[in-house]
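Respectively, the protein sequence lines represent chains U and A. Residues 1 to 316 (this note's numbering) make up the first sequence, in order. Residues 1001 to 1425 (this note's numbering) make up the second sequence, in order.
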Amino acid sequence: MEASAQRAGKPAEPPAAKPGKVSSRTKSERKLAWMLCAPAVIVMLAVTAYPILYAFVLSLQKLDLRFPEQTEFIGLANYGTVLSSELWWLDVWNTFVIMVISVSIELVLGMVIALVMHRAIFGRGLVRTVVLIPYGIITVVAAFAWQFAFANESGFVDALPFIADEKNWFGGHISSLVVIIMAEIWKTTPFMALLLLAGLVTIPDELYEAARVDGASAWQRFVKITLPLMKPAILVALLFRVLEASRVFDSIFIMTHGAQNTESVSILGFEQLINRLNLGVGSAISVLIFLGVFGIAFLFIKGFGVKVEEGRPGGG
Amino acid sequence: MGEKFETRRAKRALIVVLASALAGAVLSACGGSSSGPPTLSFFVAIQPGGTIEATAERCTKEADGKYTIKPELLPNDATQAREQLVRRLGAKDNSIDIIGLDVILTSEFANAGWIAPWTGKQKEEASKDVFPSVLKTASFEGELYASPFNTNTQLLWYRKDLVKQPPKTWDEMIEVAEELPEAGQIQVQAERYEGYTVWVNALIESAGTSILKSPEELDLEQKPTEEALEVIGKLAHSSARSPELPTSNEDTARLAFEGGTAAFMTNYTFAFASAKENAPEINKEMGAAPFPQVNSNPAKPPLGGFNLAVSNYSGHKQEAFEAALCLSGEKSELTATELDGLPPSHENLYTNPIVKKAYPGFAGLVKEEVEAAGPRPVTPAYQDVTSAIQRTLHPPESIPAEGEEGKYDELKENLEAAVKREGLL
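This is the structure we're talking about:
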């Protein structure tokens, strides 16, 4: 924190005082800074650090609310149970498949929509608002809408041309996954588009003009100018979406509840926690999901050098 | 100086006003329940006909100022209703007094210490004239934990205009349905949810074995279990299956039957009243027959319904027991039959005109079915057992029709882990 504060300091300022020799004014300013931060820090600790630590403590116990008298400390055994279970790895795979397919399609579609929004000549505000509508709808509500649309008896999809009238979409593994992924894409492409648009507007028009003068085609301009300059925005958008998609829950919960092998790790955790009331194993799954999400974020930030707060790769 | 003083005083006055307002709010929030007759909250699944509201109102009136019963309606789906209850009870929530408990939940809630056992005179009154099969669903380790409210069972509904004689066995039914030139579907419940366990359990029971011998011991004899699973496989691979088989529940079954595509349907008694309202033409031809059997053994129809329990965290247990007795009494059961078509759990009520009117011509059959019913396994780890069944046997198409090696070994292995609450489910 101190280091970044120093780095952020303007170079015009006189060289920082030597370590150990902090003026009393700096001292009191630091104190004030801490006091101003304190409420936020305390709230953050209470609502994030405490539940995470508590989940970790729970995950070390044999703890089933239905059998309260059998509670005992069992170390890492719950993690062994989870990691040695075929079901866990099956659900990790399902989550991975849903994440990769939905995020990659979202990226392409989001980019197209961002370009359209950026280049829209009239009705810019309207276009941007309309595009955002799916993202503004509560996921559970959207999931119900998709479920009803594809339902066997009442849905309209089976009545469309080129689709078998009696197709039971939620009656098969692949078709269920297709609907779930489509719902995810429909719902979060606007978010992706908006983040990409933010990156797009930062590219100066002069670059395109210069390229045009040099005779670059539209595709060349996109590949040589737009994409490289948007890399930071793309990485940030990908990071957010990958983190979100790796915890996919609502759509699956509403549409199949995990049937037809469409279960994600979040659904699995929910089943252990809420359905079986097995807080030990369920918390172990929660902690593992947390570590997974943490790992993804770490990879993006350290590996690809994403700077979330600035939306650009860090150069140190 | 004086001005500054004035603002300071105004500030202080404001703080005093705010503080007292806050204190007042806190006090009134706490004090509401401690003064005057208590309000008992009654958490129970919603009944669209209005049974819950009507009985709560009547029992409040009969209490004559001793307590007020306030219904808190839960979702109709058994799993969702349970979720809401366990989240509250797991956190020792004292805002629940009376619980409408699905028959499968008694042992789980009793073992967790969430519900209080019934004793003495009240126990006697709660169990008087109740079907023994229903009473079992309200008991755990020899104690009565709930007062039976309504029961429920499935019948075989068939189209009298298409089928002269209702089939006795599942095999017979599939054969007859396959021969029908149209409307030959058989409607059951095979979505991955509790209703699928209901069906599987009825088949296994009818085949001559049970899922559990005791809360922690499997029964599941191989030959009868395989025969039961074969029925599912046979239907799933038959032309008599409906396209929505793996996503079918009570409601999709009812809709298809009312729509005229099915000749047969196994479903609860509500289906009759529903068809009467939505599809009177179909209802005219709707026959009720005993639940089909698997082989020559007698059928063991499913058993559903609600029992009323008193929460251990309730601050007004005595009143809650009294209220639960009234809510589950004969008068309330008849209200449930009249408004929502739910069968009473008291055997002496089946000659009552209200019951006879609700089940024209088949009140006696409903009674016989409840008596013959094969309840679902009784164990505190019921959720694990039902999850294991659903996960192993869903989708129904995954079970081979016959000849090939079935899913018996897998089912047994998963159920063994489930009763010990091992692994992930």
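Beta carbons: idealized from backbone N, C-alpha and C, even for Gly.
Assignment of beta-bridge partners to A:T1261 by DSSP yields no partner. Straight through space, the alpha carbons of A:D1340 and A:F1131 are spaced by roughly 20 Å.
Here the alpha carbon of A:E1072 sits roughly 6 Å from the alpha carbon of A:S1041. Nearest in C-alpha terms to U:F96, of all of U:A77, U:F300, U:S266 and U:G305, is U:S266. For the pair A:K1300 and A:E1205, the CB atoms are nearer than the 8 Å cut-off. Chain order gives the chain U residues near A:G1090 as L65 and L277, where near means a beta carbon separation below 8 Å.
Interface annotation, A:T1252: in contact with chain U, CB-CB separation under 8 Å. A:T1153 has A:L1303 as its beta-bridge partners, per DSSP. In the DSSP assignment, A:K1128 falls outside any alpha helix (DSSP H), carrying neither H nor E.
Neighbourhood of A:V1086 in chain U, by CB distance below 8 Å: L65, I274 and L277, in chain order. For A:V1044, the enclosing beta strand (DSSP E) begins and ends at T1039 to A1045. Closer than 8 Å to the CB of U:G110 there is not a single CB belonging to chain A.
At a cut-off of 8 Å between beta-carbon atoms, U:P51 makes no contact with chain A.
Residue-level contact by beta carbon holds for A:N1111 and chain U, with a gap shorter than 8 Å. Listed as beta-bridge partners of A:T1068 by DSSP are A:T1039.
The beta carbon of A:S1387 sits closer than 8 Å to some beta carbon of chain U. Here the C-alpha atom of A:K1331 lies approximately 28 Å from the C-alpha atom of A:N1283. The Cβ atoms of A:I1115 and A:A1324 lie no closer than 8 Å to each other. When DSSP states are grouped into helix, strand and coil, A:G1113 belongs to the coil group.
Of the other Cβ atoms in all chains shown, 16 or more fall within 10 Å of the Cβ of A:L1393; this residue is therefore buried. Cβ-Cβ distances below 7 Å link A:K1123 to L1144 in the same chain, with the five nearest sequence neighbours on each side left out; the list follows chain order. Cα atoms of A:R1254 and A:N1267: separation of roughly 8 Å, rounded to the nearest angstrom. Against chain U, the CB of A:D1384 has a partner CB under 8 Å away; the residue lies at that interface. Close partners of A:H1237 in chain U (Cβ separation under 8 Å) are lacking, with about 14 Å as the shortest Cβ gap. Per DSSP, the beta bridge partners of A:N1267 are A:L1155. In this structure the region 225-239 of chain U lies against the region 102-116 of chain U, because at least three pairs of beta carbons, one per stretch, are closer than 8 Å. Closest by C-alpha distance to U:E206, out of U:T226, U:T189 and U:T188, is U:T226. Sequence-ordered contacts of the region 1223-1249 of chain A with chain U read P1243, E1244, L1245, P1246 and T1247 [C-beta pairs closer than 8 Å]. With contacts defined by Cβ atoms closer than 8 Å, U:V127 and U:A120 form a contacting pair.
A:R1192 reaches chain U at H257 and A259, counting residues in chain order whose Cβ is nearer than 7 Å. Collapsing the DSSP output to three states places U:Q70 in a helix.
Secondary structure note for U:I301: it is in no beta strand (DSSP E), with a DSSP letter that is neither H nor E.
For A:I1099, the secondary structure class from DSSP, reduced to helix, strand or coil, is strand.
A straight-line Cα-Cα distance of about 14 Å links A:Q1189 and A:F1291. Annotated three-state conformation of A:T1379 is coil, per DSSP. As a beta-bridge residue in DSSP terms, A:F1140 pairs with A:E1143.
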